[in-house]
Amino acid sequence: MQYTIEEHLVTLRVKPASLLIRIVLLIFSVISFLATLFFLFSYGRANLIVSLFLSLLFFLSGLFLLRLVLWNTYGKEKVYFFENSIQYRAYYGWYKGKLKTYNLTPNKEFKYLIVPRGYEEEQKGILRIIAGSGTLSCATMLPISELERLIVEIEGVHI
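This note's numbering puts the first residue of the sequence shown at 3, with every later residue one more than the last.
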């Protein structure tokens, strides 16, 4: 199973991508960081703006690729359920994503939906939780049958 439930916490774990894909992404990430250094130090003062722009472009692309590698290696999502709100945070292994809070409006309940993703024959989807102040869409793709069990368990525990 790719999920665990502990009292008021649901943890969804990302199934790691193949080693080859992670290595290729890591190589491109390192190349992007090296290109950042190259463009930063290779141009003189004459092309300073171009140099800074290219350095920034390659640095940001390197960060994005590194984030993809970490997500596909260590990624997990944690959803904390409280009486009047839910909190969500993505964990990338080396760092955490921003904590997002969704408040429940009075006399409302959380609604759980399964949103199909990927190819139809894979039978995978994501969990979407509708609260009063917004909609939380998890990024972890799970088999639909596992998502159905997860929703039943969440509702059974009265989180």
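Note that the Cβ used here is the ideal one computed from N, Cα and C, for glycine as well. Values in this document were obtained by computation on a predicted structure and should not be read as measured data.
Kindly indicate the opening and closing residues of the alpha helix (DSSP H) around residue i.
i: Ser87; result: Run containing Ser87: none in the alpha helix (DSSP H); it sits in the beta strand (DSSP E), Ser87 to Tyr93.
i: Leu36; result: Leu21 to Ser44
i: Val52; result: Leu50 to Tyr76
What are the start and end residues of the beta strand (DSSP E) that includes residue i?
i: Gly136; result: Gly136 to Ser139
i: Lys102; result: Lys102 to Asn105
i: Val117; result: Lys113 to Arg119
i: Tyr5; result: Tyr5 to Glu8
i: Val12; result: Leu11 to Arg15
i: Gly127; result: Lys126 to Ala133
Buried or exposed, going by whether 16 or more other CB atoms sit within 10 Å of the CB of residue i?
i: Lys126; result: buried
i: Glu79; result: buried
i: Ser44; result: exposed
i: Val12; result: buried
i: Met1; result: Here the chain covers residues 3 to 161 and nothing more, so residue 1 does not appear.
i: Val154; result: exposed
i: Thr6; result: exposed
i: Gly158; result: exposed
i: Ser31; result: buried
i: Thr137; result: exposed
i: Gly120; result: exposed
i: Ile29; result: exposed
Go through its chain and collect everything with a Cβ distance to residue i's Cβ below 6 Å, but skip five positions before and after it.
i: Phe103; result: Note on residue identity: the sequence assigns Thr, not Phe, to residue 103. Cβ neighbours of Thr103 beyond the five flanking positions: Ser87 and Gln89.
i: Leu70; result: Leu27
i: Tyr76; result: Gly95
i: Ala37; result: Phe60
i: Arg15; result: Gln4 and Lys78
For residue i and residue j, which I take to be in contact (beta-carbon distance under 8 Å), what is that distance rounded to the nearest angstrom?
i: Ile23; j: Asn74; result: 7 Å
i: Ser57; j: Leu42; result: 4 Å
Below 8 Å CB to CB, which residues in the same chain sit around residue i once its five sequence neighbours on both sides are set aside?
i: Lys98; result: Arg91 and Ala92
i: Arg151; result: none
Go through its chain and collect everything with a Cβ distance to residue i's Cβ below 7 Å, but skip five positions before and after it.
i: Pro145; result: Gln125 and Lys126
i: Leu149; result: Ile116, Gly127 and Leu129
i: Gly64; result: Ser31, Ser34, Phe35 and Thr38
i: Leu72; result: Tyr94, Gly95 and Trp96
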